[in-house]
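The next block holds one structure in the form of structure tokens; read it before the comments.
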């Protein structure tokens with residue numbers, strides 16, 4: 001019957017944080033942001049889209065569950081891809097009138113707060129753009145789904161330009177450098193348990209934008225300077241500089257959340273213990289060897305060069321013991337390392353109680369969305385999900 | 001033999017926070033601050049000073065323990081009071097050459113992090129000024145002991161002017177309004193347990209001053225505007241405005257601590273639960289009835305008008321149950337209150353585990369330092385402590 005396209009897309013973790021919108025509907029940010037795109041072989045969203053004349057309605061299955069297609073952000077993405085295709089004349093009008101079936105899955109728990117919507121919307125929009133043969137930059141379409149999704153449209157190190165046009169036409173992502181430019185860059189994601197209900201990013205950004213005095217200074221002075229500086233650090237592969245800016249910007253993002261009214265917090269005491277541990281380790285090394293960054297949740301993403309990974313992982317295992325060590329680490333393989341008892345003794349943080357860090361994912365900077373060409377679609381020939389669906 | 005003078009002095013809790021020095025030695029602040037002075041009948045420092053020709057050295061006993069008088073801040077205070085006395089010609093030069101004995105006690109645990117050094121230095125300097133008959137403003141001398149001590153030299157609502165003179169001559173405290181101006185103002189101090197070692201104020205201020213980008217905006221824009229606004233609110237007895245500025249400024253102070261590099265935190269998860277509780281209560285009331293403020297530690301000071309106290313205390317007892325209810329509250333008496341189960345049901349915070357708040361002190365805005373005229377000195381006629389000393 002119709003056509004099916006399948007794509008995988010990466011998550012990205014910002015080092016200069018996006019926080020605050022100048023347009024809620026178009027998802028236009030107040031400031032530029034910078035991120036690294038992470039390897040899809042470890043964490044990714046996978047999306048199949050089908051279009052067929054027989055489909056009676058647009059349908060989406062998300063992580064094994066049928067969801068409403070009436071979601072405005074989803075609608076905006078689909079409409080925009082079709083409009084772009086129509087403008088480019090890439091497919092015929094009849095094809096554009098067919099309904100679509102979408103099936104999308106993340107290969108990591110969405111509940112872990114790991115930027116799943118960025119990967120998901122980048123994947124959806126890339127798949128739709130491929131289906132409709134859109135040739136122009138799709139980052140501004142992915143942005144309509146979830147702001148940070150526009151950065152997942154490219155691999156390597158990516159900058160999302162805030163832009164200034166009210167239409168959002170210049171609010172797009174561009175690549176600063178590909179993943180091969182700095183092949184030693186690695187990330188350890190520390191998933192921290194969180195019992196409290198959290199403030200959604202959308203709501204939190206709105207409160208900060210409306211009430212934080214300090215946000216104004218961040219937007220006007222701090223972010224422009226840091227964006228320039230971290231771009232230079234990436235191009236020069238200057239890890240200590242990259243790391244310092246990354247940590248300072250994470251801290252400042254959480255500071256403006258606290259300066260909001262009412263204030264809100266994403267960092268837990270475990271997050272703060274991780275921060276203290278990293279500063280202590282860097283101080284012992286007399287060089288900034290590791291950077292932490294925290295999104296709107298308690299999980300840490302640690303950036304470091306490949307040579308540091310075995311030592312850092314050993315320290316994390318020691319300070320944050322797990323009662324299930326075999327399931328503690330996933331992703332790329334890590335070699336064993338000895339860490340001198342001297343370093344462990346000097347650390348400002350003592351061994352914590354078990355399971356404060358639930359698990360760790362080891363990954364690296366990787367490519368942008370890629371086509372799945374081996375035929376392993378998530379939709380069958382009738383446009384129905386191949387995997388089990390929970391009703 | 002010599003002369004003995006005894007004084008009691010109050011603690012004060014800032015509503016516009018002092019954070020950052022422009023001169024470490026003279027303790028000159030980067031910004032103005034505003035506080036309320038709390039009733040000495042509930043919390044105070046008490047200090048006796050004696051001078052006698054027979055004394056061979058300056059000696060100080062602090063909370064039942066002999067301490068070194070070589071402490072620079074202590075030396076600066078004593079030297080400055082004597083210089084002032086000499087300049088004013090208030091006592092004869094021979095008297096100024098006698099050594100002093102000082103005995104000082106707080107009637108509340110110093111470890112609780114309740115601005116004990118502010119009360120202590122205000123008390124010491126006021127006692128010394130009385131001994132040497134200094135007539136001019138002594139707030140700038142108390143400032144040399146501990147910055148915020150200069151605010152404890154006056155009762156009611158007090159402003160510490162940052163000043164601009166490098167000598168510190170204009171960095172003094174003045175009274176905005178006496179305690180009788182707004183007699184309904186009350187404070188509940190919630191003492192929260194804290195296991196972690198904390199960053200000292202002195203060290204924390206230094207890190208923030210040297211590293212926080214956001215502090216610059218706070219100093220230049222936020223504090224001047226807030227100081228003007230809260231002064232108006234105090235003079236107009238506008239509680240909702242007073243409370244809103246108080247909470248925003250507390251949050252901003254903690255935000256700049258987080259924006260420091262390395263970042264540091266004073267608020268614990270219990271502190272954040274208290275913040276959430278107060279915002280939820282105010283929202284239910286559809287009016288800002290209670291303000292929280294946190295100094296460099298996890299304890300909350302809640303400001304409210306007298307009429308709210310029974311209800312708020314009942315809510316605190318319910319949400320933060322104590323395993324020793326009879327010792328949970330001290331200070332002024334509180335009437336029992338019924339809080340409708342409707343309000344309790346609507347609160348965003350559920351009942352917590354026991355003893356997260358260790359105890360509560362109920363107090364009000366009060367007078368500045370006062371002379372103890374009933375002869376209940378802390379030093380006997382030989383200039384030795386009357387109460388037991390721990391060696």
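Protein chains in written order, with full-length UniProt numbering: chain Y, 1 to 391; chain R, 1 to 391. Backbone N, C-alpha and C fix where the C-beta goes; we use that ideal spot for every residue, glycine too.
Going along chain Y, which residues have a C-beta under 7 Å from residue i?
i: residue 141 of chain R; result: By Cβ distance, chain Y contributes nothing, its closest Cβ being about 34 Å from residue 141 of chain R, past 7 Å.
i: residue 262 of chain R; result: 279
Is it buried or exposed, residue i, if we count other Cβ atoms within 10 angstroms and call 16 or more buried?
i: residue 57 of chain R; result: exposed
i: residue 193 of chain R; result: exposed
i: residue 348 of chain Y; result: exposed
i: residue 265 of chain Y; result: buried
i: residue 127 of chain R; result: buried
i: residue 89 of chain R; result: exposed
i: residue 308 of chain Y; result: buried
i: residue 354 of chain Y; result: exposed
i: residue 28 of chain Y; result: buried
i: residue 119 of chain Y; result: buried
i: residue 87 of chain Y; result: exposed
i: residue 151 of chain R; result: buried
i: residue 301 of chain Y; result: buried
i: residue 331 of chain Y; result: buried
i: residue 80 of chain R; result: buried
i: residue 212 of chain Y; result: buried
i: residue 364 of chain R; result: buried
i: residue 286 of chain R; result: exposed
i: residue 382 of chain Y; result: exposed
Please identify the residue among the options whose C-alpha is closest to the C-alpha of residue i.
i: residue 226 of chain Y; options: Y/12, Y/3 and Y/16; result: Y/16
i: residue 137 of chain Y; options: Y/348, Y/107 and Y/170; result: Y/170
i: residue 42 of chain Y; options: Y/382, Y/362, Y/381 and Y/124; result: Y/362
i: residue 35 of chain Y; options: Y/210, Y/331, Y/325 and Y/178; result: Y/178
i: residue 65 of chain Y; options: Y/302, Y/104, Y/140 and Y/324; result: Y/104
i: residue 8 of chain Y; options: Y/374, Y/94, Y/18 and Y/336; result: Y/374
i: residue 96 of chain Y; options: Y/338, Y/172 and Y/130; result: Y/130
i: residue 254 of chain Y; options: Y/199, Y/148 and Y/132; result: Y/199
i: residue 260 of chain Y; options: R/92, R/45, R/379 and R/256; result: R/256
i: residue 38 of chain R; options: R/153, R/262, R/84 and R/385; result: R/153
i: residue 164 of chain R; options: R/157, R/271 and R/172; result: R/172
i: residue 45 of chain Y; options: Y/389, Y/325, Y/149 and Y/55; result: Y/149
i: residue 367 of chain Y; options: Y/60, Y/68 and Y/11; result: Y/11
i: residue 333 of chain R; options: R/211, R/315, R/181 and R/306; result: R/306
i: residue 230 of chain R; options: R/221, R/220, R/219 and R/242; result: R/242
i: residue 371 of chain R; options: R/346, R/76, R/123 and R/14; result: R/123
i: residue 134 of chain Y; options: Y/182, Y/174 and Y/77; result: Y/77
i: residue 296 of chain R; options: R/211, R/219, R/47 and R/202; result: R/202
i: residue 108 of chain Y; options: Y/221, Y/63, Y/147 and Y/216; result: Y/63
How would you list, in chain order, the residues of chain R whose beta-carbon sits under 9 Å from the beta-carbon of residue i?
i: residue 79 of chain Y; result: Chain R residues near residue 79 of chain Y: none, gap ~38 Å exceeds 9 Å.
i: residue 221 of chain Y; result: 213, 216 and 217
i: residue 254 of chain Y; result: 255, 258, 259 and 263
State the CB to CB distance for the pair residue i and residue j, rounded to an integer number of angstroms; the pair is presumed to be in contact (CB under 8 Å).
i: residue 214 of chain R; j: residue 252 of chain Y; result: 7 Å
i: residue 310 of chain Y; j: residue 335 of chain Y; result: 5 Å
i: residue 236 of chain R; j: residue 245 of chain R; result: The pair is not a contact, with the Cβ atoms about 13 Å apart (cut-off 8 Å).
i: residue 328 of chain Y; j: residue 322 of chain Y; result: 4 Å
i: residue 386 of chain R; j: residue 379 of chain R; result: 7 Å
i: residue 319 of chain Y; j: residue 341 of chain Y; result: Not quite, the Cβ-Cβ distance comes to about 13 Å (not below 8 Å), so this is no contact.
i: residue 31 of chain R; j: residue 223 of chain R; result: 4 Å
Find the residues of chain R that neighbour residue i, judging by a C-beta separation of less than 7 Å, and give them in chain order.
i: residue 248 of chain Y; result: 261
i: residue 272 of chain Y; result: 265
What in chain Y is Cβ-close to residue i, meaning under 8 Å?
i: residue 275 of chain R; result: 262 and 263
i: residue 251 of chain R; result: 258, 259, 260, 261 and 263
Along chain R, in chain order, which residues have C-beta atoms closer than 8 Å to that of residue i?
i: residue 269 of chain Y; result: 268 and 269
What are the uninterrupted segments assigned as beta strand (DSSP E) that are 3 or more residues long and contained completely in the region 146–196 of chain R, given in chain order?
Every unbroken stretch of the beta strand (DSSP E) spanning 3 or more residues and falling wholly within the region 146–196 of chain R is given here in chain order: 157–160, 173–177 and 185–192.
Those runs of the beta strand (DSSP E) which lie wholly inside the region 304–370 of chain Y and span at least 3 residues
Runs found: 329–331 and 357–364.
Please list the segments of the beta strand (DSSP E) lying wholly inside the region 45–107 of chain R, counting only runs of 3 or more residues, in order along the chain.
Here the runs fully enclosed are 45–52, 59–62, 65–67 and 99–106.
Give, in chain order, every unbroken run of the alpha helix (DSSP H) that is at least 4 residues long and sits entirely within the region 218–258 of chain R.
223–235 and 239–258
In chain order, each beta strand (DSSP E) run of at least 3 residues that lies wholly inside the region 273–304 of chain R:
290–294
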